[in-house]
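Right, one structure below, let's go through it.
Protein chains: 4
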Amino acid sequence: MVKESVKTNSLDRLKKIEGQIRGIQKMIENGRYCIDIINQITAAGKALDMVSLIVMKGHLETCVSDAIQSGESKEKIDELIDTLYKFIK
Amino acid sequence: MVKESVKTNSLDRLKKIEGQIRGIQKMIENGRYCIDIINQITAAGKALDMVSLIVMKGHLETCVSDAIQSGESKEKIDELIDTLYKFIK
Amino acid sequence: MVKESVKTNSLDRLKKIEGQIRGIQKMIENGRYCIDIINQITAAGKALDMVSLIVMKGHLETCVSDAIQSGESKEKIDELIDTLYKFIK
Amino acid sequence: MVKESVKTNSLDRLKKIEGQIRGIQKMIENGRYCIDIINQITAAGKALDMVSLIVMKGHLETCVSDAIQSGESKEKIDELIDTLYKFIK
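Residue numbers (this note's numbering), protein chains in the order written: chain A, 12 to 100; chain B, 12 to 100; chain C, 12 to 100; chain D, 12 to 100.
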């Protein structure tokens with residue numbers, strides 16, 4: 012369950028990223044230079060990574076913290092590491 | 012200048028990614044589980060990486076190949092490595 | 012403070028990675044094919060990422076859990092997210 | 012076949028990375044703080060990425076350029092993109 016501040020922050024960023032993705036489509040349609048296109052894709056990818064970190068921070072502050080306080084952290088930590096594994100590979 | 016086959020392929024993928032980004036916004040609005048959100052962001056990021064590779068392949072086959080054939084590859088190779096550097100860091 | 016099981020596991024992996032790095036040096040000295048060299052570097056990099064995840068898991072199970080249980084998690088979570096940020100960018 | 016300048020540059024860097032990997036093992040043996048260990052692993056990983064880029068640049072300047080000039084670039088470009096794919100995923 013995402014915290015309210017995380018919600019607003021992530022949604023703002025995702026809306027901007029959606030715009031970036033549309034911008035990249037326009038660059039391709041207009042036959043823009045490949046390198047400029049790739050650099051824009053890289054920027055959108057890094058912006059997505061930031062959203063992941065923001066959601067992950069919220070997750071640590073809520074779900075993971077709750078699980079640890081109720082002494083049932085094992086599953087939550089395994090799940091988080093598994094998610095990080097997918098994220099980085 | 013992007014090749015026609017690269018254009019179609021990239022645009023199809025970007026349209027799908029745009030849909031994924033909208034889907035992630037809906038997940039956040041609906042208060043879905045953080046880990047599921049992060050996994051979806053990871054999937055969209057990997058799909059973006061694939062578009063980069065497709066555009067990069069087209070770039071190698073056209074601009075970089077032309078530059079190498081006319082004996083003026085230095086600038087193009089430096090630019091490509093610089094772009095890869097931004098891409099991976 | 013690293014847990015004993017994390018210590019043994021990480022040290023085993025790092026010793027293997029050290030061997031991989033020496034192997035890559037030998038490949039370069041022997042003039043091996045660039046693509047084979049890059050693929051070996053990629054393998055060593057992924058092995059390093061795994062060590063990061065193992066240490067990070069241990070960190071969540073000990074330091075972060077302790078901080079959360081004593082109600083002082085803010086600093087630890089900020090630090091972890093900051094570390095992840097460096098890790099992925 | 013790696014160019015002489017690429018050889019020297021890569022070997023210098025790999026020797027330094029080998030030292031970093033040994034340093035990380037010592038940090039773990041001495042029970043140093045997890046976050047400091049992870050940050051050192053991140054630094055070594057980024058140093059490895061730089062070696063990949065250096066070898067890749069050499070590869071573009073020699074093998075890929077030769078293949079393009081002799082009109083047989085398809086295989087080399089496919090192979091390079093395949094290597095990049097492994098590198099980034």
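Ideal placement from N, C-alpha and C gives every residue a C-beta, glycine not left out.
Going by beta carbons, Ile92 (chain D) and Leu64 (chain B) fall inside the 7 Å limit. Under the Cβ criterion (8 Å, minimum of three pairs), the region 39-51 of chain B does not count as touching the region 32-47 of chain A. Near chain C, meaning a CB-to-CB distance below 8 Å, the residues of the region 37-48 of chain D are Ile39, Glu40, Gly42, Arg43, Tyr44, Cys45, Ile46 and Ile48. When DSSP states are grouped into helix, strand and coil, Glu83 (chain A) belongs to the coil group. When 7 Å is used as the limit between beta carbons, Lys14 (chain C) is near no residue of chain A, the shortest such separation being about 13 Å. The region 22-31 of chain C and the region 65-83 of chain D do not touch, with fewer than 3 CB-CB distances between them shorter than 8 Å. Only buried fits Gly56 (chain A), as 16 or more other CB atoms lie within 10 angstroms of its CB.
Of the candidates A:Tyr96, A:Ile99 and A:Ser21, the residue whose Cα lies closest to the Cα of Ile48 (chain B) is A:Ser21. Residue-level contact by beta carbon holds for Ser84 (chain A) and chain C, with a gap shorter than 7 Å. DSSP, reduced to helix, strand and coil, places Gly42 (chain A) outside both helices and strands of the structure shown, so it counts as coil. Taking a C-beta distance under 7 Å as the contact criterion, Val66 (chain D) and Cys45 (chain C) qualify as a contact pair. Listed along chain C, no residue sits closer than 9 Å to Ser81 (chain D) by beta-carbon distance, the nearest being about 17 Å off. Against chain C, the beta carbon of Lys57 (chain A) has neighbours under 8 Å at Lys100, listed in chain order. Only buried fits Ser84 (chain B), as 16 or more other CB atoms lie within 10 angstroms of its CB.
The beta-carbon separation of Ile99 (chain D) and Ile99 (chain B), rounded to 6 Å, stays under the 8 Å limit for a contact. Contacts with chain D (Cβ-Cβ distance below 8 Å) from the region 18-39 of chain C involve Lys18, Ser21, Leu22, Leu25, Lys26, Ile28, Glu29, Ile32, Arg33, Ile35, Gln36 and Ile39, listed in chain order. Excluding the 5 residues flanking it on each side, Ile52 (chain D) has same chain C-beta neighbours closer than 8 Å at Ile35, in chain order. Contact residues of the region 69-80 of chain A toward chain B are Gly69, His70 and Cys74 (C-beta to C-beta distance below 7 Å). Counting only the Cα atoms, Gly82 (chain C) lies some 42 Å from Lys97 (chain D). Listed along chain C are Gly56, each with a C-beta nearer than 7 Å to that of Asp60 (chain D). Straight-line spacing of the CA atoms in Ala54 (chain A) and Leu95 (chain A) works out to 21 Å. By alpha-carbon distance to Val13 (chain B), the top candidate from B:Glu86, B:Thr73 and B:Glu90 is B:Thr73.
Burial of Lys68 (chain D) is indicated by the presence of at least 16 other C-beta atoms within 10 angstroms of its C-beta. Nearest neighbour of Glu15 (chain A) by Cα position, chosen from A:Glu86, A:His70 and A:Glu90, turns out to be A:His70. For Ile52 (chain C), not one C-beta of chain A is nearer than 7 Å to its own C-beta. Here DSSP, grouped into helix, strand and coil, assigns Lys18 (chain A) to helix. With respect to the C-alpha of Ala58 (chain A), the residue from A:Arg24, A:Thr19, A:Val17 and A:Lys18 having the closest C-alpha is A:Arg24.
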